[in-house]
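In terms of my numbering, the sequence shown opens at residue 792 and continues consecutively.
All C-beta atoms, glycine included, are put in the ideal place defined by N, C-alpha and C.
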Amino acid sequence: MVRQREQIEKDEERRLAPWACLSRDSLGRLHAEAPHSYRTAFQRDRDRVLHSTAFRRLQYKTQVFVYHEGDHFRSRLTHTLEVAQIARTIARALGVNEDLTEAIVLAHDLGHTPFGHSGQQALHRLLSKQGGFEHNRQSLRIVDFLELRSNRYRGLNLTYETRVGLLKHGSEFPRYAHPLPLPELRTWPSVEAQIANLADEIAYHNHDIDDGLRSSLLEWDALSDLVLWRRALNHVRKLEDDKPPGVRPRVIATLIDILASDLIETSAARLRSHAIGSTLEVQEAPEPMVTFSPEMSEGTHELAQFLHENLYRHHLVVRMAAKAERILQDLWTAYTQDPRQLPPQVLREGQAEGHERAIADYLAGMTDRFAMDEHRKLFDPHAHV
Ligand code: MG
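Structure representation (structure tokens):
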């Protein structure tokens, strides 16, 4: 017995909660396409993102640590996969569309520059006269415009629900032109998009602690000041000893579990107390439906503060960030002073939209190692061009 798309759509209707986005009710794509025999609209979105060039580049883009510092640190690709795992658990527990959640998560970091947040800051500064740079907006630009998979249209031609899930409040202002109509934002995004957003936070808090400890930039004992860390550590101690090598991964796994479970329970209670009966009611509710409890919000805030002070402002991280900014600044200067140094396809794009925006797309699309190689090629007299 083969399960056709119609069957899967019926299953969704039966299985999912009233606040879930159903594939059958999707507002559709900008360019009309025939439906698939076996996959729903959101499954196709997820698959298109997974097969995109920008997705493969996530492997060599980093958030905090540059790619060559060690093979065990997170890249944006492994970060994205960790977010997807956490988001799927939450989505399934809250009875929403896992395929849509996953499509949004897999695409959520596509717009990030090389070298993490320092790269984004550099690009925003360099483009100040052209409307700046914003990574959520860039993710949408990639799936709507920069990826090429057809001669009929540009972009991945994703559904409205996935596209709007990538656009966050603040990233929709027309600081720079978007080649397609921007999806309209309501007060709040769908439950699926809200889950993607907070699963992102759970993932990076935890893996940044993990990578921070592995790299010895963070000290084990310093973490014991944190309420959530102590809670996770005490939980582990009840079940096993607190000795290396098992204790670090055990505490991290427990912390993820504590946060995800709190998010599930708090959000379920909210959806019930607001008597949410449709996706529209989610988007027009007086407050977001997916949240941590006040206690857990406080704990995550403390965690974020700790990481900010001890990891993101660690002098070795600051040195790397400054180097990253110099690399992007140098590349920008070289390309804008003489755009003939750019590959022909970037030059062609520049004729349509202006060289600055085409250069920004080119720089933002670079992986860490590509940007470093390119810098060497342009500035080291002994390097091959
Ligand atoms: Mg992320």
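Check                                                                                                        : Outcome
Contact shell at 5 Å, judged by CB to any heavy atom of ligand 2, ordered along the chain                    : You won't find ligand 2 in this model; what it holds is ligand 1.
Minimum C-alpha distance to D836 - residue among N888, R916 and Y1103                                        : N888
Cβ neighbour criterion (16 or more within 10 Å) applied to Y829                                              : exposed
Minimum C-alpha distance to Q1074 - residue among Q929, A1112 and E975                                       : E975
Three CB pairs or more closer than 8 Å across the segment 980-996 and the segment 1077-1094                  : yes
Option in L821, G1156, V793 and V874 with minimal Cα separation from E992                                    : V874
CB-CB length for A878 against T892, believed under 8 Å                                                       : 5 Å
Cβ contact check for the segment 1059-1072 and the segment 808-815: 3 or more pairs under 8 Å                : yes
Best match in Q1096, E938 and A1125 for proximity to L841 [C-alpha to C-alpha]                               : E938
Three-state class that DSSP yields for R820 in the structure shown                                           : strand
Cβ neighbours of H1166 in the same chain (closer than 8 Å, five flanking residues each side left out)        : I1118, D1121 and L1122
Contiguous alpha helix (DSSP H) assignments of at least 4 residues, all confined to the segment 1003-1074    : 1011-1014, 1018-1030, 1038-1064 and 1070-1074
Burial state of H903, where buried means 16 or more other Cβ atoms lie within 10 Å                           : buried
Distance, S1052 Cα to D1001 Cα                                                                               : 20 Å
Outcome for S1088 when other beta-carbon atoms lying within 10 angstroms are tallied against a minimum of 16 : exposed
8 Å Cβ cutoff met for L1169 and Y1153                                                                        : no
CA-to-CA distance, G910 to F964, given in whole angstroms                                                    : 21 Å
Proximity to Y967 [Cα-Cα], best of N927, E952, S1006 and R1005                                               : N927
Distance, M792 Cα to F924 Cα                                                                                 : 50 Å
G1179 - DSSP class collapsed to helix/strand/coil                                                            : Because the chain here runs from 792 to 1176, residue 1179 falls outside it and cannot be looked at.
Rounded straight-line distance, which links the Cα of R805 to that of L1054                                  : 24 Å
Rounded C-alpha distance that separates A1174 from M1163                                                     : 12 Å
Three-pair Cβ contact test at 8 Å for the segment 946-955 versus the segment 814-823                         : yes
Where N1025 falls, given that 16 or more other Cβ within 10 Å makes a residue buried                         : exposed
CB of E803 within 8 Å of CB of S814, strictly                                                                : yes
DSSP-derived helix/strand/coil call for T950                                                                 : strand
Residue span of the alpha helix (DSSP H) that contains F833, given as start and end                          : A832 to L841
Candidates A825, N942 and G1141: closest to Y1126 by CA position                                             : G1141
Exposure label - N988; buried when at least 16 CB within 10 Å                                                : buried
Residue environment, L914, which counts as buried when at least 16 other CB atoms sit within 10 Å            : buried
Length-filtered (4 minimum) alpha helix (DSSP H) runs lying within the segment 1113-1165                     : 1135-1144 and 1146-1156
DSSP-derived helix/strand/coil call for L939                                                                 : strand
Whole-angstrom distance between R1022 and D1016, CA atom to CA atom                                          : 11 Å
Same chain, Cβ closer than 8 Å to R932, neighbours up to 5 away in sequence not counted                      : G902, H969, P970 and D1152
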